[in-house]
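Taking it in order: structure first as structure tokens, then the write-up.
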Amino acid sequence: MKISVGLIGSCTNSSYEDMSRAASVAKQALTKGVKAISSFTITPGSEQIRATIERDGQAEVLRGIGGVVLANACGPCIGQWSRQDMKKGDKNTIVSSYNRNFTGRNDANPATHAFVTSPELVTALALAGDLSFNPLNDQLTAADGTKFKLVAPTGDTLPSRGFDPGEDTYQAPPTDGLSLTVNVSPSSDRLQLLTAFPKWDGKDINDMPILIKIK
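Next up, the structure:
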């Protein structure tokens, strides 16, 4: 069964060890000239993880097999995925290392079959492009036509040079919040400004029946 997209990361599975083990699988393929058959996305769980895997090389390796590093956000894990490769209603299969896979969770497409597994296995499956691929027994084809098997991935639990905190993107809120304007396009189908509730008129609900249970 063809896999359309493999997705790793988010707060669920983007620890330094998760990213290192996924990169360990990717590096084996990269040395053989192999790129992912399925689309492959990486969502860093934080700015600290993004900066650290950029510094230590995991991000470069994952990009090397065709991976796309997304923003440090929830992203596809909570459905914030502006997916362009599949129309709503088109049957397809994705694999992710996220923690939920109910219908429409990732791309709002009820016809998407989503399977959850570890980051390193998602990487291996994205390389093969097929859900039936078993990295313990099956082989990939190198760029020169030879066959090879993936070996069990490795990865450090913590970075030897410590974490890189990355960019400080914090913006302090203005002292007077009333002067702040949030601009959202009226044609956006992803963001919407909420309308404020009417001001309380000082009255409560009157003459309402009360339901009680008695013995």
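Count the sequence shown with my numbering and you get residues 899 to 1113, in order. All residues carry an ideal CB built from backbone N, CA and C; glycine is no exception.
Between Asp1066 and Asn1081, the alpha-carbon positions lie close to 23 Å from each other. Excluding its 5 nearest sequence neighbours in each direction, Leu1078 has C-beta neighbours in its own chain below 8 Å: Pro1071 and Pro1072, listed in chain order.
Around the beta carbon of Ser1086, fewer than 16 other beta carbons lie within 10 angstroms, which makes this residue exposed. Lys930 has its alpha-carbon roughly 10 Å from the corresponding atom of Lys1045. With distances taken between CA atoms, Leu960 lies nearest to Ser922 out of Met1106, Asn1004 and Ser922. A straight-line Cα-Cα distance of about 41 Å links Phe938 and Ala1094.
In the DSSP annotation of this structure, Ile940 is not part of any alpha helix (DSSP H); the continuous beta strand (DSSP E) holding it starts and ends at Ser937 to Thr941. Residue pairing from DSSP leaves Thr910 without any beta-bridge partner. In this structure, the CA atom of Ile901 is about 30 Å from the CA atom of Gln946. DSSP places Ile947 inside the alpha helix (DSSP H), whose first and last residues are Glu945 to Asp954. Around the beta carbon of Pro1107, a 10 Å sphere encloses fewer than 16 other beta carbons of the protein chains shown; the residue is thus reported as exposed.
For Ala1026, the enclosing alpha helix (DSSP H) covers residues Pro1017 to Ala1026.
Of the candidates Gly987, Ala949, Leu1056 and Leu1029, the residue whose Cα lies closest to the Cα of Glu915 is Leu1056.
Take the alpha-carbon of Arg948 and the one of Ser994: they are about 18 Å apart.
Secondary structure at Ser995: coil, using DSSP grouped into helix, strand and coil.
About 6 Å separates the beta carbons of Gly907 and Pro942, which is inside the 8 Å limit, making them a contact pair.
Going by DSSP, Ala1050 is part of no beta strand (DSSP E) at all; its letter is neither H nor E.
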